[in-house]
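Numbering (this note's numbering), first residue to last: 1 to 247.
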């Protein structure tokens, strides 16, 4: 059997040792099917993982598998390693973003394709939003609900948790979310919604820094505009539509 967090060769050797008990290299090779050229390297790696030990008897080396329950420790070690890598990645991202701001000319418009591209854009907005800031959303095409309804709900949960507010002007024919957490955010005025008198050609998200336009056709296309004056104009436009729309 193949054991998670072990290579195929490591799984074979550890499984053979569990079956054999204390054993010489020759017997391990016979049961595991691993070649002689690889066996010592595999045993060394398993020893480094703390699940194989060795002992010398009369000049011969024997190996023994640790209790299989020790395999759980591999998961803890992996989680600890991932936590360190996550922290390191965050530091690297901060440094790279700082380097980008210093050295690169600022691009006003950027575009992303596909569902993952849309996720990149909307996650960036959420990551940069501040507490008590208000995000404006215009449009709720049925296609976005069909393709990304679950993701958008999770994003709204995170937005509420961050302390940011949201005003949403939905399409005329869009359905309402009935989730308790969503209704609660509306009662607390963290989320305000109104229904437009028309159907929007796209899904617009307006923050303090960016205007995002997402088109849902054969492919998802997300456009990001980074320009203070353009952002301001879109915010003004949204407020005009908001005032003229029904609750």
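Backbone N, C-alpha and C fix where the C-beta goes; we use that ideal spot for every residue, glycine too.
For the region 86-93 against the region 114-129, are there 3 or more C-beta pairs whose distance is under 8 Å?
Contact fails: fewer than three Cβ-Cβ distances are below 8 Å.
In terms of DSSP beta bridges, what is residue 165 paired with?
According to DSSP, residue 165 bridges with 134.
List in chain order: all unbroken beta strand (DSSP E) runs of 3+ residues lying wholly within the region 154-205.
Listed in chain order, they are 165-170 and 191-195.
In whole angstroms, what separates the C-alpha of residue 64 from that of residue 14?
For residue 64 and residue 14, the distance between alpha carbons rounds to 9 Å.
Return the residue from the list 243, 201, 145 and 22 that minimises the CA-CA distance to residue 62.
Ranking 243, 201, 145 and 22 by Cα distance to residue 62 puts 22 first.
DSSP three-state call for residue 55: helix, strand or coil?
Correct three-state label for residue 55: strand.
Short of 8 Å in beta carbon distance, which residues of its chain neighbour residue 40, apart from the five on each side in sequence? Order them along the chain.
Correct list, in chain order: 25.
Is the separation between the beta-carbon of residue 109 and that of residue 18 shorter than 8 Å?
The answer is no: Cβ separation not under 8 Å.
By how many angstroms is the C-alpha of residue 143 removed from the C-alpha of residue 208?
So the two alpha carbons sit approximately 26 Å from each other.
Determine the DSSP secondary structure at residue 147, reduced to helix, strand or coil.
Helix at residue 147.
Could you have a look at residue 225 and say whether DSSP puts it in helix, strand or coil?
Looking at residue 225 - three-state DSSP - the assignment turns out to be strand.
Are the beta-carbon atoms of residue 238 and residue 136 separated by less than 8 Å?
Cβ distance < 8 Å, so residue 238 and residue 136 count as in contact.
I need the straight-line Cα distance from residue 145 to residue 12, nearest angstrom please.
Spanning the two alpha carbons is a distance of roughly 47 Å.
What separation, rounded to the nearest whole angstrom, lies between the Cα atoms of residue 47 and residue 116?
Approximately 40 Å between the Cα atoms of the pair.
In or out: residue 68 buried (at least 16 other Cβ within 10 Å) or exposed?
It counts as exposed.
So the candidates are 72, 190, 155 and 20; which of them puts its Cα closest to the Cα of residue 163?
For residue 163, the nearest C-alpha among the options comes from 190.
Helix, strand or coil for residue 65 per DSSP?
Here residue 65 sits in strand by DSSP.
Sorted by chain position, which residues of the same chain lie with C-beta nearer than 7 Å to residue 234's C-beta, five sequence neighbours on each side aside?
Hits under 7 Å: 206 and 211.
With a cut-off of 8 Å on the beta carbons, I'd call residue 241 and residue 176 a contact; round off their distance for me.
About 19 Å separates the two Cβ atoms, so there is no contact after all.
Could you say which of 180, 171 and 147 lies nearest to residue 118 if we only look at CA atoms?
Ranking the options by Cα distance to residue 118, first place goes to 147.
Just the Cα atoms here: how many angstroms apart are residue 157 and residue 185?
Rounded to the nearest angstrom, the two C-alpha atoms are 9 Å apart.
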